[in-house]
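Asker: In terms of this note's numbering, the sequence shown opens at residue 7 and continues consecutively. Beta carbons: idealized from backbone N, C-alpha and C, even for Gly. Small disclaimer: the values here were computed from a predicted structure and weren't measured.
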Amino acid sequence: MIGRYIGMKAIGIDLGTTYSCVAVYQNEKVDIIPNELGNSTTPSYVSFTNCERLIGDPAKQLAAINTQNTIYDIKRIIGRRFTDNEVQNDISQYPFKIISVDDNPCVQVSFMNQVNIFTPEQISSFILQKLSSNAEDYLGYRPKEVVITVPAYFTDAQRNSTITASKIAGLNCLRIINEPTAACIAYGFQRSSSKDQKIVVYDFGGGTLDCSLINLSDGVFEVIGTSGDSRLGGEDIDQKLVDFVNKEFTAKHNYSLLHNNRTQRRIRNQCEKVKRLLSNQEVATIEIENIDNDIHFQLQLTRAKFNSICSDIFRRAILPLQKLLKDANCNVTNINEVVLVGGSTRIYQIRESLKQYFKGKEPSKSINPDEAVAYGAAIQAGILSSCALQKIGTGQILLIDVCPLSLGIEVVGGQMATIIARNTTIPVLKRKLFTTEYDNQTEINVKIFEGERELTKFNNLLGEFQLSGIPVLPKGKPAVEVSCEITANGLLIVSAKDLTGSKSKNSISIDQNRQKLSDKQVEYMVQEAEKFREYDETIKKLFAIKNEIEEYIYCIKQNNNLNQKEPIKQIEEWLEDTNIQNLSIKQITDKFAQIKQQLQE
Numbered sequence: 007m008i009g010r011y012i013g014m015k016a017i018g019i020d021l022g023t024t025y026s027c028v029a030v031y032q033n034e035k036v037d038i039i040p041n042e043l044g045n046s047t048t049p050s051y052v053s054f055t056n057c058e059r060l061i062g063d064p065a066k067q068l069a070a071i072n073t074q075n076t077i078y079d080i081k082r083i084i085g086r087r088f089t090d091n092e093v094q095n096d097i098s099q100y101p102f103k104i105i106s107v108d109d110n111p112c113v114q115v116s117f118m119n120q121v122n123i124f125t126p127e128q129i130s131s132f133i134l135q136k137l138s139s140n141a142e143d144y145l146g147y148r149p150k151e152v153v154i155t156v157p158a159y160f161t162d163a164q165r166n167s168t169i170t171a172s173k174i175a176g177l178n179c180l181r182i183i184n185e186p187t188a189a190c191i192a193y194g195f196q197r198s199s200s201k202d203q204k205i206v207v208y209d210f211g212g213g214t215l216d217c218s219l220i221n222l223s224d225g226v227f228e229v230i231g232t233s234g235d236s237r238l239g240g241e242d243i244d245q246k247l248v249d250f251v252n253k254e255f256t257a258k259h260n261y262s263l264l265h266n267n268r269t270q271r272r273i274r275n276q277c278e279k280v281k282r283l284l285s286n287q288e289v290a291t292i293e294i295e296n297i298d299n300d301i302h303f304q305l306q307l308t309r310a311k312f313n314s315i316c317s318d319i320f321r322r323a324i325l326p327l328q329k330l331l332k333d334a335n336c337n338v339t340n341i342n343e344v345v346l347v348g349g350s351t352r353i354y355q356i357r358e359s360l361k362q363y364f365k366g367k368e369p370s371k372s373i374n375p376d377e378a379v380a381y382g383a384a385i386q387a388g389i390l391s392s393c394a395l396q397k398i399g400t401g402q403i404l405l406i407d408v409c410p411l412s413l414g415i416e417v418v419g420g421q422m423a424t425i426i427a428r429n430t431t432i433p434v435l436k437r438k439l440f441t442t443e444y445d446n447q448t449e450i451n452v453k454i455f456e457g458e459r460e461l462t463k464f465n466n467l468l469g470e471f472q473l474s475g476i477p478v479l480p481k482g483k484p485a486v487e488v489s490c491e492i493t494a495n496g497l498l499i500v501s502a503k504d505l506t507g508s509k510s511k512n513s514i515s516i517d518q519n520r521q522k523l524s525d526k527q528v529e530y531m532v533q534e535a536e537k538f539r540e541y542d543e544t545i546k547k548l549f550a551i552k553n554e555i556e557e558y559i560y561c562i563k564q565n566n567n568l569n570q571k572e573p574i575k576q577i578e579e580w581l582e583d584t585n586i587q588n589l590s591i592k593q594i595t596d597k598f599a600q601i602k603q604q605l606q607e
């Protein structure tokens, strides 16, 4: 059997809450792949209209006028239940509609004049398709393999849903790696030092905050511990500013703008802009023209006022760092480098707070916060696809990661019996013995949870299965071995077997539990995604040919031939009146040939 074509390279993708980035390892270096506008990052936005699906920058530009059909922040709800309190809180903030389908949150939009329902996995797959398409334009072929990054605190369900999204996008996910770990790989790749270093990676993005303590020694990346806040990011800072602006507007004009989704989007865009400006200057102005009743609203904001408005967020942003070092029994003075990742680390107050916490140590500025995670993912992708030189300095790259949350099963009284403790190095396999609760018990229900609370009702249920055929014995006599395995991808497999008489056994791969999409559903979504991709490619070609026609007409007009004036006018009217998207490639190609013939006569 013929193996992989050695010229094909795997790509690395940072699938972010607000922005995403794609990179590739080639020619012994990492290339950050630009999008069609030449930008290194692409907004994680998808917008649906009556005639097309837009992704990235064009989608974000429509957010203010197509509010109900422009989807963003999908990373906040992927892999979660609709009834989760955090999901419900997010839903209240969004202008687009999120509905429950078997307790899975799905978005409902109007697309091609029809009501469509999409899962978070599908929306994420559209973004992945866009990034893959950018890579195809850059590399000259369509990549098939990918390494995708996720927050260190992503649950098993969220990781599995991300892998499902990659399948729908037509990509083979070689590995899921944690964002701070990827950033540290990027940092280490640019260093030649072989001495031991303790590095804190502080990853503050648009939707999540992750901290990791990593020991780097001669190319070996050992994650000592992780901490974070999966509900804290730059979007929360934007929301604080939006709330402040709404309050100020209501106080000044005595009525509320909360009912107007379009105006709220414009306010949010202005707040995001001002947040960035205040990272480099002391004063910025929020300015929104032509609000209801032609009101022109202007508000000057100082950095000091900005810090005051967001003070509780800035305090929260340090708490995971404190927990990380405390759990690792590590003093701030033992940290060699603080690596900043994510756009929110550009905020002046965040940098100052970190500098103060680390006793005056300046955070490293050697890597681009927006690109570092994709950079590291590309290196890992290169290694896994055998395209990268597996070296940093003189040592081999060895990635030793940890599980972010404790894993265990429910025992008598609803207690959590931990089998794998948080911050255990992965991949890992752990076993523990359990017994029956009452006399003559012949089956047990194994419920798997993740979390740090003593009672399972406060932790997250991952899945459950039955073990039957246990011998009829007094309680406490049967021996049941429960095994928990976490793979290199951070995925969980749990099995249980009777060690006494029957030797019966059962297991569950958590990615197949009831919260996940079935293989049939995934296959259907893959086919739908391919249709979308083909449709998008057709639209792209149609507009490319239209541009060729317009350029051709422009060149002909430069000749100032009076005999061609009327035909050109008719062609320009046709271009203006015709909806190009309703044509086939053959129709517009034939039309172009007809135009050429007409103007050459």
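1. I need the DSSP call for Asn178, collapsed to helix, strand or coil.
2. Quick check on DSSP: helix, strand or coil for Leu473?
3. Taking contact to mean 3 or more Cβ pairs, one atom from each stretch, closer than 8 angstroms, check whether the region 333-346 and the region 265-278 are in contact.
4. Would you call the region 247-257 and the region 213-227 in contact, with 3 or more CB pairs under 8 angstroms?
5. Taking the C-alpha atoms as reference points, what is the distance between Ala387 and Asn45?
6. Between Ala188 and Ile373, what straight-line distance do the alpha-carbon atoms span, to the nearest angstrom?
7. Cα-Cα, which of Cys409, Glu343, Leu60 is closest to Ser233?
8. Closer than 6 angstroms by C-beta to Glu505: which residues in its own chain qualify, once you throw out the five before and the five after it? Chain order, please.
9. Buried or exposed: where does Thr76 fall if 16 or more other Cβ atoms within 10 Å of its Cβ makes it buried?
10. Would you grab the beta carbon distance between Gly349 and Pro375 for me? Rounded to a whole angstrom, and I think it's under 8 angstroms.
11. For Ile652, does the three-state DSSP call read helix, strand or coil?
12. Suppose you measure from the CA of Ile432 to the CA of Arg87; what does that come to, to the nearest Å?
13. What residue ranges within the region 401-438 form continuous beta strand (DSSP E) runs of no fewer than 3 residues, ordered along the chain?
14. Measuring alpha carbon to alpha carbon, tell me which of Arg82, Tyr100, Ala550 ends up nearest Glu92.
15. Measure the Cβ-Cβ separation of Ile574 and Ile586 and say whether it is below 8 angstroms.
16. Round the Cβ separation of Cys27 and Asp20 to the nearest angstrom and send it over; I've been treating them as touching at under 8 angstroms.
17. Between Lys365 and the rest of its own chain, which residues show a CB-CB distance below 8 angstroms, the 5 nearest in sequence each way excluded?
18. For the 8 angstroms Cβ check, are there 3 or more pairs between the region 169-186 and the region 128-143?
19. What do you reckon, are the CB atoms on Gly382 and Ala192 nearer than 8 angstroms?
20. Would you call the region 112-127 and the region 54-70 touching, i.e. three or more CB-CB distances under 8 angstroms?
21. Going straight from the alpha carbon of Gln604 to that of Gln120, what length do you get?
22. Should the region 149-169 be regarded as contacting the region 209-220, the criterion being three or more beta carbon pairs within less than 8 angstroms?
23. Suppose you measure from the CA of Asn565 to the CA of Lys571; what does that come to, to the nearest Å?
24. How about the region 213-221 and the region 289-307: do they share at least three Cβ pairs that are nearer than 8 angstroms?
25. Kindly provide the ranges of any beta strand (DSSP E) runs that are 3 or more residues long and lie completely inside the region 90-158, ordered along the chain.
26. What three-state label does DSSP hand His302 in the structure shown?
27. Can you check DSSP and say which residues form a bridge with Cys27?
28. Leaving out five residues before and five after Val608 in sequence, what residues of the same chain have Cβ atoms less than 8 angstroms from its Cβ?
29. By the three-class DSSP mapping on this structure, what secondary structure does Phe227 have?
30. Identify every residue that forms a DSSP beta bridge with Tyr208.
31. Where Lys397 and Asn313 are concerned, what is the direct C-alpha to C-alpha distance, given to the nearest angstrom?
32. In the DSSP assignment, the beta strand (DSSP E) including Met487 goes from what residue to what residue?
33. Please indicate yes or no: does the CB of Val153 lie closer than 7 angstroms to some heavy atom of the ligand NAD?
34. Does the separation of the CB atoms of Ile385 and Tyr31 fall below 8 angstroms?
35. Find the nearest neighbour of Ala502 within the set Gln606, Gly414, Asn553, Gly419, judged by alpha-carbon distance.
36. Hey, quick one: how far does the alpha helix (DSSP H) through Thr256 stretch, first residue to last?
Answerer: Considering the structure as presented:
1. Taking the sequence shown and counting its residues from 1, the one referred to as residue 178 is at position 172. Three-state result, Asn178: strand.
2. Here residue 473 is taken as the residue at index 467 of the sequence shown, counted from 1. In the three-state scheme derived from DSSP, where H, G and I count as helix and E and B as strand, Leu473 is classed as strand.
3. With a cut-off of 8 angstroms, the region 265-278 and the region 333-346 do not count as touching, because too few Cβ pairs lie within range.
4. no
5. As a first step, residue 387 must be located in the sequence shown, where it is residue number 381. As a first step, residue 45 must be located in the sequence shown, where it is residue number 39. Near 22 angstroms, if we compare the C-alpha coordinates of Asn45 and Ala387.
6. Along the sequence shown, read from residue 1 onward, the residue named residue 188 stands at position 182. Along the sequence shown, read from residue 1 onward, the residue named residue 373 stands at position 367. Their Cα atoms are separated by approximately 12 angstroms.
7. For this step, residue 233 is matched to residue 227 along the sequence shown. For Ser233, the closest alpha carbon among the candidates Cys409, Glu343, Leu60 is that of Cys409.
8. The count along the sequence shown starts at 1 and reaches residue 505 at position 499. The sequence shown places Leu at residue 505, rather than the Glu named in the question. For Leu505, the CB contacts under 6 angstroms within the same chain, skipping 5 residues up- and downstream, are Ala485, Glu487 in chain order.
9. Position 70 of the sequence shown, counted from the start, is the residue given in the question as residue 76. So Thr76 counts as buried.
10. Position 343 of the sequence shown, counted from the start, is the residue given in the question as residue 349. Position 369 of the sequence shown, counted from the start, is the residue given in the question as residue 375. The pair is a contact, with the Cβ atoms about 6 angstroms apart (cut-off 8 angstroms).
11. Lying before the first or after the last residue shown, residue 652 is absent from the chain, which here runs from 7 to 607.
12. Your numbering for residue 432 matches position 426 in the sequence shown. Your numbering for residue 87 matches position 81 in the sequence shown. Going by the C-alpha atoms only, they are around 27 angstroms apart.
13. 404-408, 413-417, 421-426
14. One-based indexing of the sequence shown puts residue 92 at position 86. Of the candidates Arg82, Tyr100, Ala550, the one whose C-alpha sits nearest the C-alpha of Glu92 is Arg82.
15. On the sequence shown, residue 574 is found 568 positions in, with the first residue counted as 1. On the sequence shown, residue 586 is found 580 positions in, with the first residue counted as 1. No, the Cβ-Cβ distance between Ile574 and Ile586 is not below 8 angstroms.
16. Start at 1 with the first residue of the sequence shown, and residue 27 comes out as number 21. Start at 1 with the first residue of the sequence shown, and residue 20 comes out as number 14. Contact holds; Cβ gap of about 4 angstroms.
17. Here residue 365 refers to the residue found at position 359 of the sequence shown. The residues are Val338, Thr339.
18. Yes, since at least three Cβ pairs between the region 169-186 and the region 128-143 fall closer than 8 angstroms, the two stretches touch.
19. The count along the sequence shown starts at 1 and reaches residue 382 at position 376. The count along the sequence shown starts at 1 and reaches residue 192 at position 186. Yes.
20. yes
21. The residue labelled residue 604 in the question sits at position 598 within the sequence shown. The residue labelled residue 120 in the question sits at position 114 within the sequence shown. Rounded to the nearest angstrom, the two C-alpha atoms are 40 angstroms apart.
22. yes
23. Taking the sequence shown and counting its residues from 1, the one referred to as residue 565 is at position 559. Taking the sequence shown and counting its residues from 1, the one referred to as residue 571 is at position 565. Here the alpha carbon of Asn565 sits roughly 10 angstroms from the alpha carbon of Lys571.
24. Under the 8 angstroms Cβ criterion, the region 213-221 does not count as touching the region 289-307, having fewer than three qualifying pairs.
25. 103-107, 110-117, 120-124, 151-156
26. For the purposes of this step, residue 302 is identified with residue 296 of the sequence shown, where counting begins at 1. Reduced to three states, the DSSP call for His302 is strand.
27. Numbered from 1 along the sequence shown, position 21 holds the residue referred to as residue 27. Per DSSP, Asp20.
28. Examination of residue 608 is not possible in this model, given that the chain is present from 7 through 607 alone.
29. Reading the sequence shown from its first residue, position 221 is the one you call residue 227. Residue state, collapsed to three classes: strand.
30. Here the question's residue 208 lines up with position 202 in the sequence shown. For Tyr208, which the question treats as bridged, DSSP gives the partners Cys217, Leu346.
31. Reading the sequence shown from its first residue, position 391 is the one you call residue 397. Reading the sequence shown from its first residue, position 307 is the one you call residue 313. Because Lys397 carries a pLDDT of 45, less than 50, the predicted location of this residue cannot be relied on, and the following value inherits that uncertainty. Their Cα atoms are separated by approximately 43 angstroms.
32. Walking along the sequence shown from the start, residue 487 turns up at place 481. Looking at the sequence itself, residue 487 is Glu, so the reference to Met does not match. First-last of the beta strand (DSSP E) with Glu487: 486-492.
33. With respect to the ligand NAD, the structure offers nothing, as it holds no ligand at all.
34. The count along the sequence shown starts at 1 and reaches residue 385 at position 379. The count along the sequence shown starts at 1 and reaches residue 31 at position 25. Yes; because the gap between Cβ atoms is below 8 angstroms, this pair is in contact.
35. The count along the sequence shown starts at 1 and reaches residue 502 at position 496. Ranked by Cα distance from Ala502, the first of Gln606, Gly414, Asn553, Gly419 is Gly414.
36. By 1-based counting over the sequence shown, the position of residue 256 is 250. Residues 240-259.
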